[in-house]
Amino acid sequence: MPRALITGITGQDGSYLTELLLEKGYEIHGMVRRTSTLDRSRLVHLYRDPQIYGQRLFLHYADLDDPTTLRRVLGSVEPDELYHLAGQSHVGLSFEIPESTFEMTSMGTLRLLEMIQDMRKKPRFFHATSSEIFGQPAQMPQDESTPYAPVNPYGIAKASASQMVTMYRKTFGHYAVNGIMFNHESPRRGENFVTRKICHAAAAIKLGKQKDLLLGDTSAKRDWGYAKDYVRGMWLSLQHATAEDYIFATGKLHSVQDVVETAFATVNLDWRQHVRKDNRLLRPAEPQRLCGNPAKARRLLSWEPTTTFRQLIEEMTKAELALLADS
Ligand code: G4F
């Protein structure tokens with residue numbers, strides 16, 4: 214049975230990746246941080262299943278800024294594949310907590326690479342990096358050769374972590390992959406990201422549980438795909454004969470305003486009556502033209518995004534309606 218270790222297992226991507234790897238017959242180990250609230254809601258259906266938890270799924274306390282715990286877990290699990298998804302992933306917040314963002318994202322990745330360096334049997338390593346490394350790129354769409362030009366602390370931390378991954382691959386021969394993930398969403402997206410915030414608000418307003426929706430820059434554009442497709446890309450990239458970097462993206466740009474109009478149309482509401490601008494939600498700098506070309510992933514991995522933007526936003530909005538109706 215192949216064995217995988219996942220950092221960030223409790224997040225959106227970690228939970229979908231766990232489900233995919235269980236289907237594929239893996240034994241899965243996840244690293245979790247000790248926090249005052251035990252938020253494992255995305256894994257709860259697996260955690261409560263006695264056929265799975267403690268049989269094929271195991272959770273271990275460890276922290277990216279606590280090397281002893283990392284080394285202990287890596288040494289005892291001896292994974293075949295290590296998926297590194299953990300980190301402070303909110304771009305806006307990275308302006309407020311730049312040091313801890315950099316520490317966790319950049320230094321945390323370096324620590325894992327150094328520990329792998331000391332291992333006799335090295336796992337294949339997947340690093341979930343971000344389109345934010347491109348910041349304000351000269352070319353659109355971006356591919357694996359586009360120069361990094363990050364414009365916020367998060368993007369800078371991801372850029373340096375990605376360069377470390379490349380360096381350990383080229384210099385020391387590690388099987389180490391950068392998956393350059395463009396925005397990817399789902400009903401499991403955190404509530405402070407814009408798609409979930411909008412879909413939640415549209416559903417809550419429809420049900421009379423919320424009045425207004427406050428947003429920052431609604432003209433901002435992103436390349437938005439479906440998270441389940443992107444975790445399939447993570448797995449595929451570690452099955453390829455050689456370690457490569459890959460863009461995972463749809464190649465299509467949509468604005469925050471498009472998300473608003475699609476979500477409110479799904480619940481038959483006029484967005485103009487509910488959406489307002491709040492300048493406090495504007496960021497000091499916005500990336501531009503972040504749109505990916507996934508041709509290499511298509512060519513080497515036969516990877517394709519399966520869900521359109523409209524399907525994604527409609528599904529997220531309907532999931533919010535169902536969740537709110539139950540609460
Ligand atoms: O949903 P967002 O917060 O995502 P962002 O900043 O693009 O980052 C996400 O995708 C990256 C690329 O894959 C990841 F690396 C990163 O970890 C994260 O998953 O914001 C999207 C856009 C931005 O331009 C933001 O300024 O929406 C704009 N926006 C407008 N009003 C808002 C809001 N964003 C948020 N979170 N909340 C608002 O009220």
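Residue numbering for the sequence shown follows my numbering, beginning at 214 and increasing consecutively.
Ideal Cβ positions, reconstructed from N, Cα and C, are used throughout, including at glycine.
Note that this is a predicted model, so its numbers are computed, not measured.
Item: DSSP state of Gln524, grouped into three classes?; Value: helix
Item: Counting C-beta neighbours from all protein chains within 10 Å, is the total for Asn391 16 or more, i.e. buried, or is it exposed?; Value: buried
Item: Could you check whether the segment 379 to 389 touches the segment 512 to 520, counting it as contact only if at least three pairs of C-beta atoms, one from each stretch, sit closer than 8 Å?; Value: no
Item: What are the partner residues of Asp279, as DSSP defines its beta bridges?; Value: Asp276
Item: Extract the residue ranges of the beta strand (DSSP E) inside the segment 370 to 417, only unbroken runs of 3 or more that lie entirely within it.; Value: 389 to 394
Item: Taking 7 Å as the cut-off, is the C-beta of Lys465 nearer than that to any heavy atom in ligand 1?; Value: no
Item: I'd like to confirm something about Leu428: is its beta-carbon nearer than 7 Å to some heavy atom of ligand 1, or not?; Value: yes
Item: Closer than 7 Å by C-beta to Leu513: which residues in its own chain qualify, once you throw out the five before and the five after it? Chain order, please.; Value: His453, Glu457
Item: Identify, in the order they occur along the chain, each residue of the same chain with its Cβ nearer than 7 Å to the Cβ of Leu233, setting aside the five sequence neighbours on each side.; Value: Val444, Arg445, Trp448
Item: Would Ala462 pass as a contact of Gly505 if the rule is Cβ separation under 8 Å?; Value: yes
Item: Tell me whether Ser344 sits in a helix, a strand or coil according to DSSP, three-state version.; Value: helix
Item: If you run the structure through DSSP and keep just helix, strand and coil, what is Val364?; Value: coil
Item: Grab me the residues of Thr479's own chain with a C-beta within less than 6 Å of its C-beta, minus the 5 sequence neighbours each way, in chain order.; Value: Glu527, Thr530
Item: Pick helix, strand or coil for Met332, following the three-state DSSP scheme.; Value: coil
Item: What runs of the beta strand (DSSP E), each 3 residues or longer, lie entirely inside the segment 443 to 531?; Value: 459 to 461, 488 to 490
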